[in-house]
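Below you can see the structure in the form of structure tokens.
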């Protein structure tokens, strides 16, 4: 009886989302804020928003997630939230003593029309924000876009409100990693280091939401982009934004403000996308690709060819964020699989076009919906079954109902560990993805094999 | 940790027994800017109504509120599972400008046609309160067209605390009960179980006890709940209210309207469970058979669990526990249960306790115990370490804080997976506590290897 509420017959729905493949902007903004060292994210809205975002991030990372809230009341909703935000900033700086506060709005504060820019200016003027401390702010109405939009808006705000141009190049490259795991952010830094590039990666949640057990509660863990790096971002040689949905706006804004040439690449998921990222880094930094990187690429290619018979022609259904799905679909096509149903909840017309290009070899047989939801994905699967499902934890209902091998990827993952520690970007990340995909496919083959066909060697 | 100061404004919400006169300030709005563990009105309503498994739960607002509450509470159902789906009107910018009433009506009609639910609950989120949708009017129209109860839950997030959300849910439930136009017939020796949500199958354990006592359970509000059952609730002779915070309002309404008396109980721990069952038996003393059966039941159940409790008590004797829960009523039971296991409570707090609650807590606790209202991570961390707790009992946001400090943890909120109520629940609880407190991992954490205050502390 588990959640058997999905009929095979597909009817067009206009008025509602069922089993969403997205969530709202503020949580993305909160996550971005956590990626700055010493930064306390602040939710300008009702108490519940902040509690829900913290709970969801806590479930995903199994880490304490710190964020404050303006605790809107009925009064604030009528008279505006200025008093709440000013009180909040006072409370925060006097008690929690962060180096920076990243304020994001909510549907409530956006709709009542709070002018956060003006309120923050007042707080600076009044001295509520102590000398040497910063407050950045982003508008993140929940009724526009998705959590990815919120992430992008906050990163953009951090970039334009913090970067300073002195005119003297710092010889570094800005990298905006997109809404990815801390493990991915660390891997992007490792790849850059192998190439001899010293990047300014922002935000950087590695070491913040995957920290060690120290026996102490740290309000501001060791990780995160240093504020000095954010300031210096205005003097970098170039910016690379990874993922058009999450990172294009921030790098474009830096270009407009500080004249830093920028380019937008796909997230380096899979062999080809990682090639493009490595090449982009090589070009903008004027470095050559060292043997150790070539070695890792070769290993990934080697494993793909070793295991190719197990992958070929297998059908895959996917749900997630556009920035992940585009290179992931490309990777699946590269390794011989056939992505047949692809859904994202995050709007953006370019998505369908990119997916169609990547899957061109399959003609019109590919279902793509943007924005879509998991309910639709499930219906598609019922109409055309698949061999593998890749999406966040909420895919487990479909996986169970339809008995499909399932790899968890995306946000949130509420029932497994690993995503915070093992990357899926870069060549190593590609290996990790392959290991996960092959693991579930081959476990299934073993499970279903008759005694005679049950093989020791695969 | 000692360097962390307590928020000046919060001093009156923290009390250390024996150290100062008792003047607990509580039932206040959270201070803006505090990293509060509290949620919102919507959250309160959602958790109370959610377990009604054959009702449609439609969240009217932007996507976030639906995403964050999609099947996160393991309220089990023995039959339909419509409650585990996530339905949202997914309001977008144009809806905010032009209103969401049309979309709501369309969504409702579509969903009711597709799923034939027994009733529909429509949750109003913050934004709905601001843009002024007349949700009640839409509900009336749809109720007329579809012939099922369609009830607006006025749970706009900013309209108060989680407690106000409980009240909104109670109003919705009462409105459902009132739709039953059949004449009232009081069923002899019958009860409603109120404030029990069937987390981990707890409802079934409690129901089993009452059946063994010869007491008829008319409805459970809302664990493993069904619309028809809830509508019969007015025929019960007694309301037995657990988790007093959430549904006392409904019990009071039913007392006023139908003259059904109510008693408050807890099913947690041997002492409170026995007391609850006896209270009900005494209420029906005109049927002496019930009291006799109750005595037999309790004797049998207690005898069955004492040996394993005694074994575990040997390891737990003298260990220290910190408790931070939603409602204070739960804390009372926990303190008693921990005493049964030989443990001492060094910190006790709640998100929503009243002055009377805290007075009871004070009387129950030993000298030096810290009592907290509407606390935050810094305080919880500070006092748990200062008091050298071996165990922390709380919910999702407290878990990683406890683990970071190297303290064992037991979830007594909605993320618990095993039943903790009744006699068998007490054994489960003891096993959980024993498992976490005696885990060898805590010997490896820095806090234990280098106790606070000693030379060489990390």
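Residue numbers (this note's numbering), protein chains in the order written: chain X, 576 to 1033; chain C, 582 to 1039. In this text, a Cβ means the ideal position worked out from N, Cα and C, and glycines have one as well.
Check                                                                                                                                             : Outcome
Spatially closest choice to residue 785 of chain C from C:770, C:796, C:801, C:795, by CA coordinates                                             : C:801
Where residue 913 of chain X sits in the DSSP three-state scheme                                                                                  : strand
Residue 702 of chain X beta carbon less than 8 Å from that of residue 715 of chain X                                                              : no
Minimum Cβ-Cβ distance from residue 897 of chain X to chain C less than 8 Å                                                                       : no
Beta-carbon spacing of residue 738 of chain C, residue 623 of chain C below 8 Å                                                                   : yes
Against chain C: residues of the segment 585 to 600 of chain X by CB proximity under 9 Å                                                          : 586, 588, 589, 590, 591, 592, 593, 594, 595, 597, 598, 599, 600
Beta strand (DSSP E) runs contained entirely in the segment 828 to 891 of chain C, provided each spans 3 or more residues                         : 843 to 845
Chain-ordered residues of the segment 994 to 1026 of chain C with a beta carbon less than 7 Å from chain X                                        : 1026
Contacts around residue 908 of chain X, its chain only, beta-carbon distance under 8 Å, and the 5 residues preceding and following it disregarded : 914, 933, 934, 936
Exposure of residue 765 of chain X, with buried meaning 16 or more beta-carbon neighbours within 10 Å                                             : exposed
Inter-stretch contact (C-beta, 8 Å, three-pair minimum) for the segment 959 to 968 of chain C and the segment 883 to 891 of chain C               : no
Any C-beta of chain C under 8 Å from that of residue 634 of chain X                                                                               : yes
Residue from C:660, C:651, C:991, C:655 whose Cα sits closest to the Cα of residue 667 of chain C                                                 : C:651
Residue 907 of chain C, buried or exposed, once every other Cβ within 10 Å from all chains shown has been counted against 16                      : buried
Inter-residue CB distance, residue 815 of chain X and residue 775 of chain X (contact presumed, cutoff 8 Å)                                       : Wrong, their Cβ atoms sit about 11 Å apart, outside the cutoff.
Limits of the alpha helix (DSSP H) - the one that residue 922 of chain C falls within                                                             : Segment: none, residue 922 of chain C is in no alpha helix (DSSP H) and carries neither H nor E.
Residue 989 of chain X and residue 979 of chain X closer than 8 Å at C-beta                                                                       : no
Rounded C-alpha distance that separates residue 929 of chain C from residue 990 of chain C                                                        : 14 Å
Beta-carbon proximity list for residue 838 of chain X, same chain, < 8 Å, skipping 5 on both sides                                                : 813, 814, 815, 816, 826, 855, 859
Bridge partner(s) assigned by DSSP for residue 983 of chain X                                                                                     : X:966
Residue 669 of chain C versus residue 740 of chain X - alpha carbon distance                                                                      : 45 Å
Nearest to residue 812 of chain C (by Cα), restricted to the options C:849, C:765, C:769                                                          : C:765
Whole-angstrom distance between residue 808 of chain C and residue 637 of chain C, CA atom to CA atom                                             : 10 Å
Where the segment 721 to 755 of chain C meets chain X: residues whose CB sits under 7 Å from a CB there                                           : 738, 739, 740
Selection from C:716, C:852, C:734 that minimises the alpha carbon distance to residue 917 of chain C                                             : C:852
Exposed unless 16 or more other CB atoms sit within 10 angstroms - verdict on residue 892 of chain C                                              : exposed
Sufficient close CB pairs (3 or more, under 8 Å) joining the segment 784 to 791 of chain X to the segment 1023 to 1031 of chain X                 : no
Beta-carbon contacts of residue 592 of chain X that lie in its chain and below 7 Å, excluding the five residues immediately before and after      : 948
First through last residue of the beta strand (DSSP E) which encompasses residue 879 of chain X                                                   : Note, residue 879 of chain X: premise wrong, no beta strand (DSSP E); alpha helix (DSSP H) at 866 to 886.
Within-8 Å CB hit, residue 727 of chain X to chain C                                                                                              : no
Pair within 8 Å by beta-carbon distance, residue 673 of chain X and residue 609 of chain X                                                        : no
Contact list for residue 765 of chain X against chain C, beta-carbon separation under 8 Å                                                         : The premise fails here: residue 765 of chain X is roughly 26 Å from chain C at the closest Cβ pair, so nothing lies under 8 Å.
Cα-Cα separation between residue 911 of chain X and residue 821 of chain X, rounded to whole angstroms                                            : 28 Å
Short Cβ contact (8 Å threshold) for residue 729 of chain C with residue 861 of chain C                                                           : no
Proximal chain C residues relative to residue 659 of chain X, where beta-carbon distance stays under 8 Å                                          : 613
Segments of 4+ residues assigned as alpha helix (DSSP H) that fall wholly inside the segment 703 to 739 of chain C                                : 707 to 712, 716 to 727
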